[in-house]
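In our numbering, the protein residues as written are 505 to 722.
Following: one structure in structure tokens, then a few remarks.
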Amino acid sequence: MRENNKKYYEPLEQMMAVRHQYMAKIIKKTFKTSIYEFFHKCKILDIGCGTGEFINNYYELGSICTGIDINNNFKLKNKKNFNLVNSDIFEFLKNNKKRYDIIFMYEFLEHLGTKEKKILLKKLPSILNSNGIIFISTLSKNLISRFFSINIAENLLNLLPKNTHDHNLYLSPSDLQTLLNKNGLSIHNIEGISYNPLIKSFKLSKIDLINYFATIKN
Ligand SMILES: C[S@@+](CC[C@H](N)C(=O)[O-])C[C@H]1O[C@@H](n2cnc3c(N)ncnc32)[C@H](O)[C@@H]1O
Numbered sequence: 505m506r507e508n509n510k511k512y513y514e515p516l517e518q519m520m521a522v523r524h525q526y527m528a529k530i531i532k533k534t535f536k537t538s539i540y541e542f543f544h545k546c547k548i549l550d551i552g553c554g555t556g557e558f559i560n561n562y563y564e565l566g567s568i569c570t571g572i573d574i575n576n577n578f579k580l581k582n583k584k585n586f587n588l589v590n591s592d593i594f595e596f597l598k599n600n601k602k603r604y605d606i607i608f609m610y611e612f613l614e615h616l617g618t619k620e621k622k623i624l625l626k627k628l629p630s631i632l633n634s635n636g637i638i639f640i641s642t643l644s645k646n647l648i649s650r651f652f653s654i655n656i657a658e659n660l661l662n663l664l665p666k667n668t669h670d671h672n673l674y675l676s677p678s679d680l681q682t683l684l685n686k687n688g689l690s691i692h693n694i695e696g697i698s699y700n701p702l703i704k705s706f707k708l709s710k711i712d713l714i715n716y717f718a719t720i721k722n
């Protein structure tokens, strides 16, 4: 299974810094506080958490963390206030009664079919606290994103295992907005992400045609 391939999670590790930068910017602007204050005692759910290393950064800041992933590639052990659960998110949500202050869905939606996306987005308001916030990153749907994420990243530069992505599952910001509106959620912010393969580094960008962040609120 490709998710067991080290190469699959490597570029995601390189994304950690830009995600932190993005969230810090949004939190400062929206809540007038620092990311360090904000993540103290927050209840976070990380959907499709991968190795669990990303959510662990916010456990370190004092948050109560739950990560869910259908594949068990977890690199960390569970402890008080830090739980990684090996489950399909849809199975997990069937029994979950908890609500969260923050939901992460980083590089996740592009792995779900259209029907699954609709089911998940419909479910989100019932697990998000009233002043909660959802941070996502995903791939936009157009020919440019297909060219860079599949032809260049997978096939030419070999940055990711082949067939990691299926362009049919990508989601443009406007398609995301349409899906969210149906469920009483809205996009608070969109920001593009660019990648420099020479220095293996992601940064925030005004161009949201390929990879982009979105902040979603009730
Ligand atoms: C591209 S990875 C992103 C990992 C992590 N969010 C990150 O950005 O570092 C997508 C993850 O979603 C997980 N996944 C895919 N479908 C899932 C599902 N139905 N339920 C839970 N996890 C799922 C995969 O196993 C994989 O670890």
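Ideal placement from N, C-alpha and C gives every residue a C-beta, glycine not left out.
None of the values given here were measured: they were computed from a predicted structure.
Inter-residue spacing [alpha-carbon to alpha-carbon] between residue i and residue j
i, j, result
"I539", "K584", "22 angstroms"
"K619", "L625", "10 angstroms"
"P515", "D679", "25 angstroms"
"I559", "N685", "27 angstroms"
"M519", "D550", "15 angstroms"
"R523", "K547", "18 angstroms"
"Y674", "L565", "32 angstroms"
"S567", "I711", "32 angstroms"
"F652", "I623", "29 angstroms"
"I648", "I654", "10 angstroms"
"E660", "D670", "Rather than Glu, the amino acid found at residue 660 in this sequence is Leu. Distance between the alpha carbons of L660 and D670 is about 16 angstroms."
"K545", "N722", "20 angstroms"
"G554", "E517", "10 angstroms"
"N590", "N575", "6 angstroms"
"S630", "K707", "32 angstroms"
"L616", "Y562", "25 angstroms"
"L702", "L664", "15 angstroms"
"I638", "N662", "31 angstroms"
"K598", "D592", "10 angstroms"
"N687", "A528", "26 angstroms"
"E541", "I640", "21 angstroms"
"L683", "S709", "24 angstroms"
"N582", "N646", "40 angstroms"
Residue i classed as buried or exposed, judged by whether at least 16 other C-beta atoms fall within 10 angstroms
i, result
"N700", "exposed"
"G552", "buried"
"K533", "exposed"
"P573", "According to the sequence shown, residue 573 is Asp rather than Pro. It is buried - the Cβ of D573 has at least 16 other Cβ atoms within 10 Å."
"M505", "At M505 the pLDDT is 42, less than 50, meaning the model places this residue with poor confidence; the figure from the coordinates comes in the next sentence. So M505 ends up on the exposed side."
"F586", "buried"
"A521", "exposed"
"F543", "buried"
"K621", "buried"
Closer than 8 angstroms: residue i CB and nearest ligand 1 heavy atom
i, result
"L628", "no"
"H615", "yes"
"L663", "no"
"S591", "yes"
"C569", "no"
"Y604", "no"
"M457", "Since the first and last residues shown for the chain are 505 and 722, residue 457 lies out of range."
"D573", "yes"
"D550", "yes"
"Y512", "yes"
"L516", "yes"
"N635", "no"
"E611", "yes"
"E620", "yes"
C-beta contact flag for residue i and residue j at 9 angstroms
i, j, result
"F717", "Y512", "no"
"E614", "T570", "no"
"N635", "Y604", "no"
"I714", "I697", "yes"
"S644", "S676", "yes"
"L580", "E611", "no"
"I607", "L628", "yes"
"L530", "H692", "In the sequence on display, residue 530 carries Ile and not Leu. Yes, Cβ-Cβ distance for I530 and H692 is below 9 angstroms."
"E658", "N672", "no"
Closer than 8 angstroms: residue i CB and nearest ligand 2 heavy atom
i, result
"C553", "The model depicted lacks ligand 2 and carries ligand 1 instead."
Could I get the ranges of all uninterrupted beta strand (DSSP E) runs contained in the segment 574-661, with 3 residues as the minimum, in chain order? 586-590, 604-610, 632-643
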